[in-house]
Amino acid sequence: MDATVLGAWAATGLTLCIFTFLYKDNPLFKLAEHLYVGVSVGYTIVKAYDTVIVHLIVKPIFEQGEYALLIPVAIGLLMLTRYVPKAAWLSRYAFAFIVGVGSGLAIPRTISSFILRQIEDTVRPLLSLAGGDGVSFSMNLLNPSSSINVIIILIGVISVLFYFFFSIEHSGPGKVVARTGVMFLMIAFGAAFGYTVMARMSLLIGRLTDLIEFSDASYGNPTLWLAILTIGALVVLSRRPSSGKQEEP
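According to the numbering used here, the sequence shown is numbered sequentially starting from 36.
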């Protein structure tokens, strides 16, 4: 049995074990769950060791003579003193340095991405000049820079900000603006939720595609045989008496 066929049987079996949770929590699901977590942690540890320890520390220092890397290595070792009660105070210097550098790198990037870029999209001109043809108004919804999209973004930003402005009562015309802001918020939340659902659906489609592909005879029909085996195991487990002790009268 070559590696491809063995991988097909393993992937099919674990996928079916995960799907058994749709029936109820059972040992097959727990086996697949624990195996997935264990393999993921093991792979992460090995990958981190190979990527960080070997290629970023050991080889550059001992093979390329980049001894300046000993400084971040020393900072990293200081962080491990957190587990030594008498030397735990040394870890504060390392954490302070990491937090300071991390904040210095993250704050400008965050301001640029989530504040300045949002302001840039809000203050775009409502009308644009198209060469010598004068003022033009674009109605193309597929173009993010079109005039109609700019107006929609402007209305959405103003109405959402007004909804969170609680210094005045939301009544009369202000109530209409606040309700408009609520509609834009619901659209945004719905789009985010829909994106999350579709991401999960893509994972489900990928698993179902593999089950269909691995039902081919070239793989030994693992989907068919393992589905029968999984259903049989669930039947046996459902008929097994409960291990809990009965209460004495």
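Ideal Cβ placement from N, Cα and C applies to all residues, glycine included. These numbers were taken from a predicted model, which means no experiment stands behind them.
Counted within 10 angstroms of its Cβ, other Cβ atoms place residue i as buried (16 or more) or exposed
{"i": "Y128", "result": "exposed"}
{"i": "Y198", "result": "buried"}
{"i": "W124", "result": "exposed"}
{"i": "L51", "result": "buried"}
{"i": "V185", "result": "buried"}
{"i": "L177", "result": "exposed"}
{"i": "A141", "result": "exposed"}
{"i": "V134", "result": "exposed"}
{"i": "E282", "result": "Confidence in E282 is poor, its pLDDT being 49 and thus under 50, which makes the residue's placement too unreliable to answer from."}
{"i": "P120", "result": "exposed"}
{"i": "A43", "result": "buried"}
{"i": "G111", "result": "exposed"}
{"i": "L105", "result": "exposed"}
{"i": "A45", "result": "exposed"}
Distance between beta carbons of residue j and residue i, contact taken as under 8 Å
{"i": "V72", "j": "G255", "result": "Not really, about 28 Å apart at Cβ, beyond 8 Å."}
{"i": "F219", "j": "G191", "result": "4 Å"}
{"i": "G216", "j": "S202", "result": "About 15 Å; that fails the 8 Å criterion."}
{"i": "Y57", "j": "L70", "result": "Note that residue 57 corresponds to Leu in the displayed sequence, not to Tyr. Not really, about 19 Å apart at Cβ, beyond 8 Å."}
{"i": "I183", "j": "D156", "result": "Not confirmed; about 14 Å, so no contact."}
N- and C-terminal bounds of the alpha helix (DSSP H) containing residue i
{"i": "V192", "result": "182-198"}
{"i": "H69", "result": "62-83"}
{"i": "R242", "result": "208-248"}
{"i": "I263", "result": "257-274"}
{"i": "I133", "result": "126-146"}
{"i": "K94", "result": "94-97"}
{"i": "T50", "result": "38-54"}
{"i": "I88", "result": "Run containing I88: none; DSSP gives neither H nor E here."}
{"i": "P107", "result": "105-115"}
DSSP beta-bridge partners of residue i
{"i": "V158", "result": "Per DSSP, none; premise fails for V158."}
Note to self: Does the structure place the segment 259-273 close enough to the segment 54-62 that three or more beta carbon pairs sit under 8 Å?
What the structure shows: yes
Checklist line | Cβ pair count under 8 Å reaching 3, the segment 77-85 against the segment 94-107 | finding: no
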